[in-house]
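Trainee:
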Amino acid sequence: MGSRDIDKDRGDRLTQAMRSRGHRKAMALAAELNISPAAITKWKQGHAMSIENACNLANSLDISLDWLLLGRNGPDWLLPNNMSKQELELVEKLRARPARIVKFLLSLVTEIPEQN
Numbered sequence: 004m005g006s007r008d009i010d011k012d013r014g015d016r017l018t019q020a021m022r023s024r025g026h027r028k029a030m031a032l033a034a035e036l037n038i039s040p041a042a043i044t045k046w047k048q049g050h051a052m053s054i055e056n057a058c059n060l061a062n063s064l065d066i067s068l069d070w071l072l073l074g075r076n077g078p079d080w081l082l083p084n085n086m087s088k089q090e091l092e093l094v095e096k097l098r099a100r101p102a103r104i105v106k107f108l109l110s111l112v113t114e115i116p117e118q119n
């Protein structure tokens, strides 16, 4: 996947986030961020954005910066109503562990029967 494809995908994610958060027009979001509507239009088309603007967008739209920039996980994956405090703590702790430990723990959890 080329750089242009990644930028286009980021623009598509921005469009999706704006739609899902009720920002149908770039003008309202631009006013909120104190930028020009043309900047948002360009970003939606896949043009580059600064990390500062990306952070401001993610904060304003209440989406994951990781998802906006890289497409990993989902736009809401770290919002409190989607993950409990324990789940967030587990994720943080797993990130600090070696891959072999994470793989082992995943296989262990997979073997535990689900309760319905």
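According to the numbering used here, the sequence shown is numbered sequentially starting from 4. Note that CB positions come from ideal geometry on N, CA and C, so glycine has one too.
1. Hey, out of H50, A102 and A34, whose CA is closest to D12's CA?
2. Just how far apart, CA to CA, sit E55 and P116?
3. Taking C-beta to C-beta, are L17 and H26 nearer than 7 Å?
4. Does DSSP put P101 in a helix, a strand or coil?
5. Taking the C-alpha atoms as reference points, what is the distance between S110 and K47?
Mentor: Reading from the atomic positions:
1. Of the listed residues, the one whose Cα sits closest to D12 is H50.
2. Those two C-alpha atoms are separated by around 44 Å.
3. The answer is no: Cβ separation not under 7 Å.
4. Collapsing the DSSP output to three states places P101 in coil.
5. Each residue's Cα considered, the two are about 40 Å apart.
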